[in-house]
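Chains as they are written, first to last, in my numbering: chain A, 1 to 112; chain B, 1 to 114. Idealized CB from N, CA, C, for every residue including glycine. Owing to the predicted nature of the structure, the values given are computational and were not obtained by experimental measurement. Input: a single structure, listed below in structure tokens.
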Amino acid sequence: GENVEQHPSTLSVQEGDSAVIKCTYSDSASNYFPWYKQELGKGPQLIIDIRSNVGEKKDQRIAVTLNKTAKHFSLHITETQPEDSAVYFCAASSAGNEKLTFGTGTRLTIIP
Amino acid sequence: NAGVMQNPRHLVRRRGQEARLRCSPMKGHSHVYWYRQLPEEGLKFMVYLQKENIIDESGMPKERFSAEFPKEGPSILRIQQVVRGDSAAYFCASSPVVLNTEAFFGQGTRLTVV
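This is the structure in structure tokens:
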């Protein structure tokens, strides 16, 4: 089955700087890669996703890149703000296998 | 996120009791997924259901756990004879179509077994 690894497990950045979180996956059939943000006591919130036919996708301060050959994808947050502090999870799934396999999460702390 | 409704938000059960967790998907969604999250860990897939059908239950323990998604009403995750190790946050997600599309999560049910 699919295995998703996520790094780093914790990340602290100064407000205004950029944050990068990286994930690798094992199943070459995976073709859908969402990122979720989870705040304390809440459910995961989808913030951006990318499919395997695209190499990069951007939504305001958030971008995701995908390298299918290397089987890794990354989340980039620019101009970080205190409200970006949360736990971020990457995930992967493949057509015909609807379940999401999640990474272990990155606790992002933005230092004012 | 607000569209997927889970209740109760918090549930306390004594060892040996039954826990029933309910999930109402977003309007127009017919696919429901249940995930379990242990403290400080990621989410682990349990079961995937469509109306009146269990599609994939490969992540659900064979004993004590069951799930349903009836034609009418919410999806139910049932845990019989709960043990301390069942304490976790249980999240439900829903999606509108098949073929790995966006899944939206509810706020979860935090189960504590005492």
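Check: 7 Å CB neighbourhood of K68 (chain A) in its chain, flanking five on each side removed; Outcome: S52
Check: 8 Å contact criterion, which T112 (chain B) and S87 (chain B) should meet: CB distance rounded; Outcome: 5 Å
Check: CB of S75 (chain B) within 9 Å of CB of E68 (chain B), strictly; Outcome: yes
Check: Own chain partners of A29 (chain A) with C-beta closer than 8 Å, once the 5 adjacent residues on each side are dropped; Outcome: S94, A95 and N97
Check: Within 9 Å, strictly: CB atoms of V12 (chain B) and A93 (chain B); Outcome: no
Check: Chain B contact for E83 (chain A) (CB, 9 Å cutoff); Outcome: no
Check: Contact list for Q107 (chain B) against chain A, beta-carbon separation under 9 Å; Outcome: G41, K42 and G43
Check: CB contact below 9 Å: T101 (chain A) versus chain B; Outcome: yes
Check: Residue-chain proximity (H31 (chain B), chain A), Cβ-Cβ < 9 Å; Outcome: yes
Check: Assigned secondary structure, D86 (chain B) (DSSP; H/G/I helix, E/B strand, else coil); Outcome: helix
Check: Bridge partner(s) assigned by DSSP for D49 (chain A); Outcome: A:P34
Check: Cβ-Cβ distance between G105 (chain A) and Q14 (chain A) below 9 Å; Outcome: no
Check: Under 9 Å from the C-beta of L46 (chain A): neighbouring residues of chain B; Outcome: N1, E102, A103, F104 and F105
Check: Residues that T65 (chain A) contacts on chain B, provided the C-beta gap is smaller than 8 Å; Outcome: Ordered by position in chain B, no residue passes the 8 Å Cβ test against T65 (chain A), which lies about 19 Å from the chain.
Check: CA-to-CA distance, I79 (chain B) to K62 (chain B), given in whole angstroms; Outcome: 11 Å
Check: Rounded straight-line distance, which links the Cα of S74 (chain A) to that of R20 (chain B); Outcome: 37 Å
Check: In DSSP terms, what Q6 (chain A) is bridged to; Outcome: A:C23
Check: Anticipated Cβ contact below 8 Å, I62 (chain A) with S85 (chain A), distance rounded; Outcome: Not quite, the Cβ-Cβ distance comes to about 15 Å (not below 8 Å), so this is no contact.
Check: Simplified DSSP state of D56 (chain B), which is helix, strand or coil; Outcome: strand
Check: Minimum Cβ-Cβ distance from G105 (chain A) to chain B less than 9 Å; Outcome: yes
Check: Candidates B:M60, B:Q107, B:R14 and B:Y33: closest to P96 (chain B) by CA position; Outcome: B:Y33
Check: Local conformation of D84 (chain A) per DSSP, three classes; Outcome: helix
Check: Residue of A:V54, A:K42, A:P82 and A:L66 minimising C-alpha distance to G16 (chain A); Outcome: A:P82
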